[in-house]
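Novice: Take this structure first; my questions come after.
Protein chains: 4
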Amino acid sequence: MGKIRVAINGYGTIGRRVADAVTRQPDMELVGISKVRADYKTGFIGYHDYTLYGDSPQCVDQLAKGGFNPKGTLEDLLEQADIVVDCVPPKLAASNKPRYEAAGVKHLFQGGEKPEVAPFSFNALANFDAVIGAASARVVSCNTTGMTRVLYALHSAFGVEQARVVIARKATDPDDPLQGPVDGAVLDPYPAQVPAHHGHDVAEVIPGLHVFVMSARMPMTHAHFHSLIISLKNKEITRAQVMEVLLQTPRTLFVNSTTGVISTMNVFDIGRELGRSRGDIYEGTIWEDSVTVDEGDLYMFMAVHQEAIVIPETVDGIRALMGTSSKEDSMRVTDETMGVVAGRLLDVLSRKKIVLSF
Amino acid sequence: MGKIRVAINGYGTIGRRVADAVTRQPDMELVGISKVRADYKTGFIGYHDYTLYGDSPQCVDQLAKGGFNPKGTLEDLLEQADIVVDCVPPKLAASNKPRYEAAGVKHLFQGGEKPEVAPFSFNALANFDAVIGAASARVVSCNTTGMTRVLYALHSAFGVEQARVVIARKATDPDDPLQGPVDGAVLDPYPAQVPAHHGHDVAEVIPGLHVFVMSARMPMTHAHFHSLIISLKNKEITRAQVMEVLLQTPRTLFVNSTTGVISTMNVFDIGRELGRSRGDIYEGTIWEDSVTVDEGDLYMFMAVHQEAIVIPETVDGIRALMGTSSKEDSMRVTDETMGVVAGRLLDVLSRKKIVLSF
Amino acid sequence: MGKIRVAINGYGTIGRRVADAVTRQPDMELVGISKVRADYKTGFIGYHDYTLYGDSPQCVDQLAKGGFNPKGTLEDLLEQADIVVDCVPPKLAASNKPRYEAAGVKHLFQGGEKPEVAPFSFNALANFDAVIGAASARVVSCNTTGMTRVLYALHSAFGVEQARVVIARKATDPDDPLQGPVDGAVLDPYPAQVPAHHGHDVAEVIPGLHVFVMSARMPMTHAHFHSLIISLKNKEITRAQVMEVLLQTPRTLFVNSTTGVISTMNVFDIGRELGRSRGDIYEGTIWEDSVTVDEGDLYMFMAVHQEAIVIPETVDGIRALMGTSSKEDSMRVTDETMGVVAGRLLDVLSRKKIVLSF
Amino acid sequence: MGKIRVAINGYGTIGRRVADAVTRQPDMELVGISKVRADYKTGFIGYHDYTLYGDSPQCVDQLAKGGFNPKGTLEDLLEQADIVVDCVPPKLAASNKPRYEAAGVKHLFQGGEKPEVAPFSFNALANFDAVIGAASARVVSCNTTGMTRVLYALHSAFGVEQARVVIARKATDPDDPLQGPVDGAVLDPYPAQVPAHHGHDVAEVIPGLHVFVMSARMPMTHAHFHSLIISLKNKEITRAQVMEVLLQTPRTLFVNSTTGVISTMNVFDIGRELGRSRGDIYEGTIWEDSVTVDEGDLYMFMAVHQEAIVIPETVDGIRALMGTSSKEDSMRVTDETMGVVAGRLLDVLSRKKIVLSF
C-alpha cells in the first residue's frame, strides 16, 4: 500500500507545523499546501520544497503576482490527496467542508472550530479507536489537548471525580503583533462565559468527565498557563502514586523550578535549546515541584505551548481517519519521528539526543 | 479626647495613600512621615503640606542635601505620635519594631510582612473586635484582603466548606519599571510553593476557613486577577441567594462585561473616571456576569487593585488598635470619608457623586 | 455676552476629558454630550450631571434600553450649541461634518482626523491668531502637539534648521485591552511610511519648519516617548541658553532621572500624585538631564501623555474659533483652571497646590 | 597544524550559542565549557556531548551535587585550550582576565564589558586585520555590531559625515522573567546618559566615525529596534545607490512590510521558520521599504537580535586572535557553516536551503 497523500489547507501557525511533521512520517506524503495570500510566509513553502496551491483562481493569480508559482487551486490539490488537514484561521473551516466532501477526501479540522464541524472530536490518547475510519474529525484545541492528556491518564489510573482548571491564556501568538492586551487580564471569551467551553470539549473525548474551566487572556505569547485542581475519586491516593502515573503519561514533560525553570519564558527557552523546529514544545509541561495532593485533591501548574501541542495529535488523527494504524503504533511512530518525549527534563537530556530540527 | 496622632514610616505605594486617607478622618491627625531617600516622591510630601522626617540622622542629612527640609528623625516623629503605620518595603519592617516599642507607640504593619511580626493579623470586616486595644497588628495583604471580604460574607451567610483561589498576580506596581516579567507567567513565589501563603493568612482572620491558593505573576501592573472557586456547605444555595449576599458585602463592587468592562484595564479606567485619588479602587471588583453556581460551588472573577484595597482596612486598623471606635462606626466613617462603595457600578454612578479626590 | 455653549460628540478618551475641562472654564457652558453606545462609560455622564444625547434616533432607543435617559439626538444637541467638539473615533469625523454645517455650529476636530477635514490645523502656542473666528479647525494630534510646543519655542528663540524625531508610540490607551503588540515593536504606520505624517502636521502650524519623524509602536500604554534631535541654526548656542528657553516654554514640565524618574511609568505616577483628573499630564515632560547640545544639535527625551496633552489646546481652540479671547488670555485662563504648569517638577511641587481634580 | 582548541567560560545566552558555532567550524575544536551553577541549562551541556567544567573547586562540588559530572575546574579547562571565549554575565569578566593570563591562553571578551578589558575592540568587517595575533580583544556589543556593519559599508562606499541612532532596546532576553519594564519606556542607562556609549564603541572599530546614540528600554524581548539617521558626505547620493551598497553588505538581511513583516515579532518568526538554532537571526534586519534618502540623509529601521548577532563576529574573533586566517576566509567560512546570509529575504528563500539547525 502506498503512502497516505496529505494536503494542507492554510500555512499559518498550525499549517506549517503540520507540513513539517507530515514530511517526517514514513507512511505519509505531503502533496501540497493551499494558501490565500502572498506574504513572507509563502516564501517558506518554496524554501522547504513544498508545493504551493492557491485557494481559488483569484488566489492563484495573486500568488503569481507576488512572485510565487502556485501549481493550481485547492480543488486541484484535493485531487492529489487522500486527506486534507484544514489549518485555516478559526471559524473559516466550516465553509471549506463542502469542498472537501465534493472532492471525496477525508478531512481533519483544528480545535479552533466548533465541535459541530465534524462528527468526532479527537485526542490520540483518549479516543483514537472511536475515530478509526471516519470521514471527518476535529482535533481538540491546544488547551483541551494539554488537559486531556493528564486527565485521561489520571482518570484511567484512579478515577477523576471532577476537575477545575483556571487558564491564563496567551494573548496571541509570537508572530501576531496586532492583538493585545498590553497591560491587564481580559475575560476570555467576553462577554463572560463561566464555565468556558473547554470542559465540554474534554467531555467529548473522555465521556462522563466533569471539567469546569475559567479562562482569561494575559499579555504573553509563549504558552498558556494552567492551574489544575483535580479531585480524585479515591481520597487516599498519595502524591507518590500520582507522580508515578504522571511520569508515564505520554507527551508530558516535567520541569522543576529549583533548577531555574520558574516561568513559561524558561519553558520557551527549553524548547529552543532542545534544537527542535521553531523551539516547539509538543509536551504539556508540568512543574513537578508544584504537584501537591491535599485530601484527595491534586494541584499543579502546567504550561501549554499553543503553537505546537496539537501537532502530534494531528499526525495521529490522519492515521486514525485513514484507518491504517493502531493507536499504539501511531503514537509511537509520531513520537519517534518528531522527538516527542515524556518524563523529567533532566532525564530526557541525559539520554541520547532525541530530537531533530526540520 | 483629642485626635489620634498618626505617624507614617515610608512614603511609597502604601504610605502615601495612608497619608491621604488619615488626613480625611475627623478623628485623626497626621503628625509626620519618615523617609529614607531624597527622590521625586519626597517632593510630594511638601506639596501636601505633610511634615517630613528622616529615618536616621544620616537620612536627615541626605534629605537636606536633596533640597528638602526634614524636621527630625523617625525617633523625633514617634515622640509626637500615638501610633505609627509601618509602610516600608516588605521584609524591612521587623527591624523597625524595636524602635516603635522603645518609643512606646502602637504600630500597624502591612501585609507584605510575615505574620510573626505582630500578635494579630487584621481585617476590619472579619476580626476588628479581636484586635481592639492591642499594641500591634498586621493588616493582611491586598490579595488576602480582597478574598477575605467575600469569604467572610459568604461564610457568615451560608458556611463555606472550602475555597480555592487562583491568583494571576500583577508583575509590579505601575511606578516600578524594573520588575518583570515582560512576556510570560512566573511562579509566585519561586521555587514553587503550592499552596501559596494566602490561605494561611485568611485563616488568621477567619479561623477555621480552609482556603487553598495557587499564584503566578503575569506581565501587568493594574490589578491582581482572582479566579475564585468557593464550595458552599449548603449545596442547595442558588445564584440569586449568593448575589443577594454579595451585593450587600461592604467594599465590594460589581461590574458587568456586557457593558464593556472586559478587562482589569477597564477596572483601572473606572477608578480614574470616578475621580478618586490616583484612580484608586478600594473595592474588590467582581464581574457579576461571571458569578456562577454549579452544584454548590460558586465560581467568579475578581480584580484586586493592589495599591489601594488595604487602605480602608489600614484606617480601621488604627482605630481598632487605639480602641476608640466600634467596628461598625469605624467602617462607616472610613467609607464615607474615602467614598468607598458597595454594589453595582451603574447603581453607584446613578447616586449622587460620592467620591472625592485628595 | 453669555457663555460659549459647547457640545461634545463622543465620550471616549478625549471627549470625557474635554467635558471636564469645559466645565471648569468661566466663559463656557457644557450643553450636552452625544453618544452612540450604552456602556459603562455612559454611566459616568450622569455621574457628572452632564446631559446625554444619542447620535441618532436608534442610538437614543439603544441608550434608553441600556438604562440611560438621553434627552434627544445629536441634532437636538447641536441646536443648543455655539460650537461642537468632535471626539469620535479617528476617521469617523468627516462624516459628521455635514451635520455640523447643517446645524450652523462651529466645529473643532481632533488630530486623529486628516488635515483635509478642516481648513486650519491648530496649536494654541503656534498659530492661535490664524484661526480666530474660523468656522472649523483641527487640533493637531498628541504627538504633534508635544513636538510643536518645544519646536515653536526653540524656533522663535534661535531658529530651528531641521528637527528629527523618533517616536516610540504607546500601543494603545490604558482602557483598551484589545490592541497589541504584546512583545515587539511595530512599524507605525504599516506598510512603512518614512517620514511619518507628523512632520507635515508641524509644518501646518509652524510654516516652513522641516521636521522628519520616524515612528513605531511599542507595548506600553501610558505615554509616547520621543527622542528629539533638533538642529539649531546658530551652532554656537549653549545648553544653558537652550534650558533658559525651555524652562519658560508653556505646558512643558522638566523631570530628572537622578531623582528616580527613570521611566514613563514614573511620569504616569507623577500625574497621579499631583491629584489631577485621571492622573493626566497636560505637559510635554522632558528629562532635563537628557538635554544635550552637541555642535549645534540639541538632543533630549520627552514623554507625551497621549490621553491628555491636547486638552488645553482644545479649550483654547474653542475660544479661537469663537473669537472671544486673545491667545494670551485664553492660554492663561486654560492653564489656571486646569492647573497646567511649566518648569521643573520639584519647583512646581514647592509652590502652593496648583492642581485640582474634577 | 591542528585545530584551534576553544574553551568557553559561561553557558548563558552567548556561551551556548558560541559553543554550537564553534563545533561547526572545520578549524576549531570545543574543548569544554566552564559553569558556576547547576541549573536546567547545565543539562544541555551533556545533551550536546560538550565537556563540563566548574569555575572553582566549590563549583565543581555544587555541579556534582546537582547531578552533573564536571571534569575539573576552569584552570583545568584552560590547560586544554589555545583560547577562551569569556561569556560570563556583564561586568564579571574583568576579574577572570588574570586567570586567563596566568594560563597563557588568548581571550576574547563580549561587548557587555567595558572597552578597557582588552586592548582591542573587534568587528570582523571593520577591523579584523588590526586584531590579528593579539592576545586579547573584545567583540563589540550586539547594538554596536548591528550598527557597525551598515555604517562600515556606507562609510566605505560614500563617506558618512555623522550618524544618529535611536535604539529602542529589548527589556531583557526571552529566558529572563525577572527584568522589566512591563508597561513603559526606561532611560537606558539611567541616570540619563546622552549620548549613550555605543557611538564611542563604533569609533573604536571605525576610527573617526561620529555616531550619536540615544537609547531607552522597551517591554519586549525579541530584538532591539534601531531608527537610523545617517548623514552621507555626498548629498547627491540616491536611494538606489544606497540600496545597491546595502544589499551587498555582509550579514545584513532585508525584509519588507508589504509582505507582512511589520514587527520585530515577525522577524523572530522568520528566524524560527528558517530552521536555525533557536530561531537565531545573525543578520541585522532592515526594512527595505523604510529606507529613505532625503537631502543626503539616509533613514531606515533595523532589528537587531540581541542574542545572536555577535556570534559570527565571535567566531571570526577567535581566528583573528589566533592569526590563522584572513578576514575574507574567516568570514566566508563562518557564514557558510552557520548559514549566515545577506540580501532580500525572499531571494534568500528562493535559493537552496542554506541554513542548518544544530
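Protein chains in written order, with our numbering: chain A, 1 to 358; chain B, 359 to 716; chain C, 717 to 1074; chain D, 1075 to 1432. Where is the CB? At the ideal position from N, CA and C, for every residue including glycine. This structure is a prediction, so every number in the text was calculated from the model and none was measured.
1. Would you check if the distance between the CB atom of His-1342 (chain D) and the CB atom of Ala-1416 (chain D) is smaller than 8 Å?
2. If you draw a straight line from the alpha carbon of Gly-896 (chain C) to that of Val-752 (chain C), how long is it in whole angstroms?
3. With a threshold of 8 Å between beta-carbons, can Val-1057 (chain C) be considered close to chain A, or not?
4. From A:Leu-125, A:Ala-93, A:Ala-137 and A:Asn-9, pick the residue whose C-alpha is nearest to that of Asp-76 (chain A); which is it?
5. Give the residues of chain C in contact with Arg-1268 (chain D), contact being defined as C-beta atoms less than 7 Å apart.
6. For chain B, check one thing: does any of its Cβ atoms lie closer than 8 Å to the Cβ of Met-220 (chain A)?
7. Strictly below 9 Å CB to CB, what residues from chain C border Pro-535 (chain B)?
8. Along chain B, which residues have their Cβ under 9 Å away from the Cβ of Asp-1275 (chain D)?
9. Write down the C-beta distance between Glu-161 (chain A) and Lys-233 (chain A) rounded to the nearest angstrom, noting that I regard them as a contact closer than 8 Å.
10. Count the other CB atoms within 10 Å of the CB of Asp-129 (chain A); is the residue buried (16 or more) or exposed (fewer)?
11. Check Asp-86 (chain A) in the structure and name its three-state DSSP category.
12. Mapping the DSSP letters down to three states, classify Asp-1048 (chain C) as helix, strand or coil.
13. Over what stretch of residues does the beta strand (DSSP E) that includes His-1181 (chain D) continue unbroken?
14. Taking 7 Å as the limit between beta carbons, can you name the residues of its chain near Pro-359 (chain A), skipping five residues before and five after?
15. So with CB distances below 7 Å, who are the chain C contacts of Gly-66 (chain A)?
16. By Cβ distance, which residues of its chain are closer than 6 Å to Val-706 (chain B), with the 5 residues on each side in sequence left out?
17. Which runs of the beta strand (DSSP E) at least 3 residues long sit entirely within the region 824-877 of chain C? Give them in chain order.
18. With 8 Å set as the bound, which would you pick, yes or no: does the beta-carbon of Gly-900 (chain C) sit closer than that to a beta-carbon of chain D?
19. Is it the case that the Cβ atoms of Gly-642 (chain B) and Gly-629 (chain B) are separated by a distance below 8 Å?
20. With a threshold of 16 other CB atoms inside 10 Å of the CB of Ser-684 (chain B), please say whether the residue is buried or exposed.
21. Can you name the start and end residues of the alpha helix (DSSP H) that Ser-684 (chain B) belongs to?
22. Out of B:His-584, B:Phe-659 and B:Val-380, state which residue places its alpha-carbon closest to the alpha-carbon of Lys-717 (chain B).
23. According to DSSP, is Tyr-50 (chain A) helix, strand or coil?
24. Taking the Cβ atom as the reference point for each residue, do Ala-884 (chain C) and Ala-1377 (chain D) lie within a distance shorter than 8 Å?
25. Which residues in chain D sit within 8 Å of Leu-346 (chain A), going by Cβ to Cβ distance?
26. Beta carbon of Ala-439 (chain B), beta carbon of Val-463 (chain B): below 8 Å?
27. Counting only beta-carbon atoms, is Ala-735 (chain C) nearer than 8 Å to chain D?
28. Determine whether the Cβ of Asp-413 (chain B) lies closer than 8 Å to any Cβ atom of chain C.
29. With a threshold of 8 Å between beta-carbons, can Val-166 (chain A) be considered close to chain B, or not?
30. Any residues in the region 1221-1248 of chain D with a beta carbon nearer than 9 Å to a beta carbon of chain B? Which ones, in chain order?
31. Apart from the five residues on each side of it in sequence, which residues of its chain come closer than 6 Å, Cβ to Cβ, to Asp-559 (chain B)?
32. Relative to chain B, which residues along the region 243-259 of chain A have a C-beta separation below 7 Å, given in chain order?
33. Inspect the beta-carbon positions of Val-85 (chain A) and Ile-309 (chain A) and report whether they are closer than 8 Å.
34. On a Cα-Cα basis, can you pick out the residue from A:Gly-2, A:Ile-83 and A:Asp-55 that is closest to Val-18 (chain A)?
35. Of all Cβ atoms in chain B, is any one closer than 8 Å to the Cβ of Glu-989 (chain C)?
36. Roughly how many whole angstroms lie between the Cα atoms of Ile-997 (chain C) and Phe-970 (chain C)?
Specialist: Here's the rundown:
1. The question names His, but residue 1342 (chain D) in the sequence shown is Phe. No; because the gap between Cβ atoms is not below 8 Å, this pair is not in contact.
2. 25 Å
3. no
4. A:Asn-9
5. One point to set straight first is that residue 1268 (chain D) is Val, not Arg, in the sequence displayed. Residues of chain C passing the Cβ test: Ser-1006, Thr-1008 and Tyr-1015.
6. Yes, its Cβ sits closer than 8 Å to a Cβ of chain B.
7. Those within 9 Å of Pro-535 (chain B) in chain C are Ile-978, Ser-979, Thr-980, Met-981 and Asn-982.
8. Contacts between Asp-1275 (chain D) and chain B, judged by CB atoms closer than 9 Å, are missing: the closest CB pair is about 25 Å apart.
9. 5 Å
10. exposed
11. strand
12. Residue identity differs from the one stated: residue 1048 (chain C) is Arg in this sequence, not Asp. Here Arg-1048 (chain C) sits in helix by DSSP.
13. 1180-1183
14. It is not possible to answer for residue 359 (chain A), since the shown part of chain A is limited to 1 through 358.
15. Going along chain C, no residue has its Cβ under 7 Å from Gly-66 (chain A), so there is no contact; the nearest lies around 14 Å.
16. Val-699
17. Qualifying beta strand (DSSP E) stretches, in chain order: 852-855.
18. yes
19. no
20. exposed
21. Per DSSP, Ser-684 (chain B) belongs to no alpha helix (DSSP H) and is neither H nor E.
22. The requested residue 717 (chain B) is not part of the displayed model; chain B covers only 359 to 716.
23. coil
24. no
25. Tyr-1114, Gly-1117 and Gly-1141
26. Yes.
27. no
28. no
29. yes
30. Lys-1244, Ala-1245, Thr-1246 and Pro-1248
31. Val-498 and Thr-502
32. Ser-257 and Thr-258
33. no
34. A:Ile-83
35. Yes, because at least one Cβ of chain B sits closer than 8 Å to the Cβ of Glu-989 (chain C).
36. 12 Å
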